[in-house]
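Step one of this worksheet: look at the structure below.
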Amino acid sequence: MINQYLDMSFQALFNVVPSPMLLVSDSGHVIQANPAAQLLLGYSLETIIGLEVELLIPQRYREHHRHYREAFIKNSETRPMGNSAVLSVLTQDGKELEVNISLSPLQDGSHSCTLVTLNIADRRRQAEEALRISEERLRYAREAANLGVFDLDANFNILYWDDRMHELWGLGPNSNVNHKQLLSAIHPEDLASRQAALDHAADPHGSGRYHAEYRVTSFKDGSEHWVTAMGRVHFHDGHPVRLIGVARDITEQRALEKELQKQRAEAEHVFTQQVAVQTASAIAHELNQPLAAISAYSEVAMHALESGSVDGSKLKRALEGCVEQAHRAGNSLHELLAFLQKGDLIKDRLDINEAVKEALSIAKSSGFDNFHTTLNLEKNIRPVHANRTHVTKILVNLLRNAVEAMQGPNITTAAITIKVHTNAEVNMAHVSVQDYGPGLNPEIAKRIFEPFFTTKPSGIGLGLVVSRSLAEANGGQLWVEPDNKPGATFHFTLPFAT
Ligand code: ADP
């Protein structure tokens, strides 16, 4: 009776102890496993009973374990296995777990077995260890990439800035920095595009992605660094609550890019000047002869008039000569323009949305990159029939002008909106490029399509003339909407491919 009672309480105790326990026979087979052990090792009671214990440890330790077990049976006494060293057990799905194991021999009459207790306190240690390793990895990766980590609240106040962020701003590791100080170190010209990127990221209808590049003046020594920051805004109930991200110093990369851009810009400038000179000389060449002839005919006519003896037929011949030469000059100019426009006018079916994206990336990689872009592209718009190079050239010219217009001191937002839609009125693809610059006053707006008209110190004044003639050569139109605030908006159309 007492034995029965004891048996019962052993079973009850065995089942409720939170530590995983196994009863193992002297032959090395599992006789019982409590629920905690079943859970830890991933076996059901039916599958674990009868299992050789060596199957519960990784293959590489099995042979050694068999010898150890046989020695233990011969000389059994309670002991923690491996002097609390960490041992590995194998779960049913092949995972290795590190545990402390203690062994307690049990004797009941002629029956003997061993109670094996797996010390699950190690699971927490393992979790902590895994966390420590993963944090360490993250730290090494951050250090290797020289990344700073930031965490801002809904109003972009700092919740957390790591040491590297402080370093980027030229501050000591534990210095307290507030939003105002953070902003005061950012170059005034970059504040607008940074703000536009933040506003864009905080838009609940957007992706939440944040990316901005700006200059930071170090509090330590006043040196200027380019910083790129990337992150993601987290939303709660449709409201932005946090912005977490990383930042990196890209000063060297920027310096290299700038040098490259300078070289490219110089080459382009020289090239444009050469084209302008060549075009002007070609025009002069074509006009020289007819103009000289017109001047000669006019002199003859004037002589005739001055001499008082007007010979009607002579005068008529001179004036006919003028008209003929004027026509000739006109034809020559047309031919010249036709020749210049002919170039490589291979027209293709073109995805205008893709062309916009391509032009943006060309503009950005050519140094016109300090602005935020909003794309409003009509999905699945029909392909246009146009020359790819021409369309890119038009877009890059418009983007370059927009960026240059936003470089003034009073510009608060450096942003460009590009819209693409079907203009049902003319049945064409309609592209508009709107900037946040000062716009155009009506006097200037009247003249911007005149060749060589420019308000820029190093401008040539051919960009818009060329863009308009390219749009026309492709069957479209290009025009400006000067007071569509904010800034200026340029539009162009292109015919759809049939
Ligand atoms: P350039 O850029 O060499 O001056 P363009 O033909 O491209 O030649 O432009 C002519 C002029 O038109 C510019 O000098 C400028 O005054 C004006 N302009 C062009 N685009 C814009 C714009 N987005 N905002 C304000 N002014 C502009």
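Everything in the sequence shown is counted per this note's numbering, starting at 12 for the first residue and increasing by one.
Idealized CB from N, CA, C, for every residue including glycine.
Cutting at 6 Å between CB atoms, please list the residues of its own chain near residue i, excluding the five before and the five after it.
| i | result |
| --- | --- |
| ASN94 | The pLDDT assigned to ASN94 is 43, lower than 50, so where the model puts this residue is not dependable, and the model offers no usable value. |
| LEU388 | ASN364 and VAL431 |
| PHE25 | ASN45 |
| GLU224 | THR239 |
Leaving out five residues on either side along the sequence, give the residues of the same chain with a beta carbon under 7 Å from the beta carbon of residue i.
| i | result |
| --- | --- |
| HIS190 | PHE167, ASN168 and ILE169 |
| GLU63 | GLY39 and HIS40 |
| TRP490 | HIS502 |
| ARG275 | SER377 |
| PRO69 | SER99, LEU101 and GLU107 |
| HIS211 | GLY217 and HIS383 |
| ALA425 | ALA203, SER204, ALA207, ASN381, PHE382, HIS383, MET417 and TYR447 |
| ALA413 | ILE427, VAL444, ASP446 and GLY448 |
| LEU67 | LEU52, VAL100 and LEU101 |
| CYS333 | ILE305, TYR308 and SER309 |
| THR504 | ASN434, VAL437, MET439, ALA440, HIS441, GLY487 and GLN488 |
Per DSSP, residue i is paired with what?
| i | result |
| --- | --- |
| VAL211 | According to the sequence shown, residue 211 is His rather than Val. Looking at the DSSP assignment, HIS211 forms no beta bridge with any residue, so it has no partner. |
| THR102 | Partner(s): none; THR102 has no beta bridge. |
| TYR221 | GLY242 |
| MET439 | ASN434 and PRO506 |
| CYS124 | SER36 and LEU117 |
| GLN285 | In the DSSP output, where bridge partners are listed per residue, GLN285 has none listed. |
| LEU129 | ILE112 |
| PHE501 | VAL444 and VAL491 |
| ARG226 | TRP237 |
| THR548 | This structure does not reach residue 548, given that the chain is present from 12 up to 509, and the question cannot be answered. |
| GLN300 | None; GLN300 has no bridge partner. |
| HIS247 | HIS250 |
| GLU107 | LEU101 |
| GLU63 | HIS40 |
Taking 8 Å as the limit between beta carbons, can you name the residues of its chain near residue i, skipping five residues before and five after?
| i | result |
| --- | --- |
| SER183 | In the sequence on display, residue 183 carries Gly and not Ser. Cβ within range, chain order: HIS177. |
| ARG399 | ASP359, LEU361 and ALA366 |
| VAL28 | ASN45 and ALA47 |
| ARG77 | GLY39 and GLU65 |
| ASN452 | PRO493 |
| SER469 | HIS280 |
| SER186 | HIS177 |
| ILE60 | VAL41, ILE42, GLN43 and ALA44 |
| THR466 | ILE455 |
Quick check: what's the CA-CA separation for residue i versus residue j?
| i | j | result |
| --- | --- | --- |
| THR423 | ALA155 | 36 Å |
| GLU317 | GLU461 | 39 Å |
| SER510 | LEU101 | With the chain covering 12 to 509 only, the question about residue 510 has no answer from this structure. |
| ALA508 | LEU371 | 23 Å |
| GLN418 | LEU473 | 20 Å |
| GLU492 | ALA499 | 6 Å |
| PRO116 | ILE144 | 37 Å |
| PRO31 | LEU158 | 44 Å |
| GLU346 | ALA484 | 14 Å |
| LEU194 | LEU202 | 8 Å |
| ALA374 | GLU109 | 57 Å |
| ILE357 | LEU267 | 36 Å |
| GLY233 | GLU139 | 42 Å |
| GLN488 | ASN434 | 12 Å |
| GLN49 | THR58 | 10 Å |
| LEU114 | ILE42 | 15 Å |
| TRP180 | LYS231 | 8 Å |
| VAL160 | ARG393 | 44 Å |
| ASP104 | ARG175 | 42 Å |
| THR385 | ILE429 | 6 Å |
| PHE2 | VAL188 | It is not possible to answer for residue 2, since the shown part of the chain is limited to 12 through 509. |
| GLU310 | GLU297 | 21 Å |
| GLN336 | LEU326 | 15 Å |
Between which two residues does the alpha helix (DSSP H) harbouring residue i extend?
| i | result |
| --- | --- |
| SER195 | 190 to 195 |
| PRO46 | 46 to 52 |
| LYS457 | 453 to 458 |
| GLN70 | 70 to 85 |
| GLU461 | Looking at the DSSP string, GLU461 is not in any alpha helix (DSSP H), and its letter there is neither H nor E. |
| ALA484 | 474 to 484 |
Could you tell me the boundaries of the beta strand (DSSP E) in which residue i lies?
| i | result |
| --- | --- |
| ILE255 | 250 to 260 |
| GLY171 | Per the sequence shown, residue 171 should be read as Tyr rather than Gly. It spans 169 to 172 - the beta strand (DSSP E) in which TYR171 sits, taken as one unbroken run. |
| VAL395 | 395 to 397 |
| GLY159 | 159 to 164 |
| ASN387 | 383 to 388 |
| LEU361 | 359 to 361 |
Is the stretch 392 to 411 in contact with the stretch 440 to 448, if contact means three or more CB pairs nearer than 8 Å? yes
Looking at C-beta atoms only, is the number of pairs between the stretch 108 to 128 and the stretch 217 to 228 that lie closer than 8 Å three or more? Using a Cβ-Cβ distance cut-off of 8 Å, the stretch 108 to 128 and the stretch 217 to 228 are not in contact, since fewer than three pairs of beta carbons, one from each stretch, lie closer than that value.
If contact is defined by three or more beta carbon pairs under 8 Å, each pair taking one atom from either stretch, is the stretch 231 to 245 in contact with the stretch 255 to 274? yes
Could you say if the stretch 307 to 321 and the stretch 269 to 286 meet the contact criterion of at least three C-beta pairs nearer than 8 Å? Contact between the stretch 307 to 321 and the stretch 269 to 286 is absent, with fewer than three C-beta pairs closer than 8 Å.
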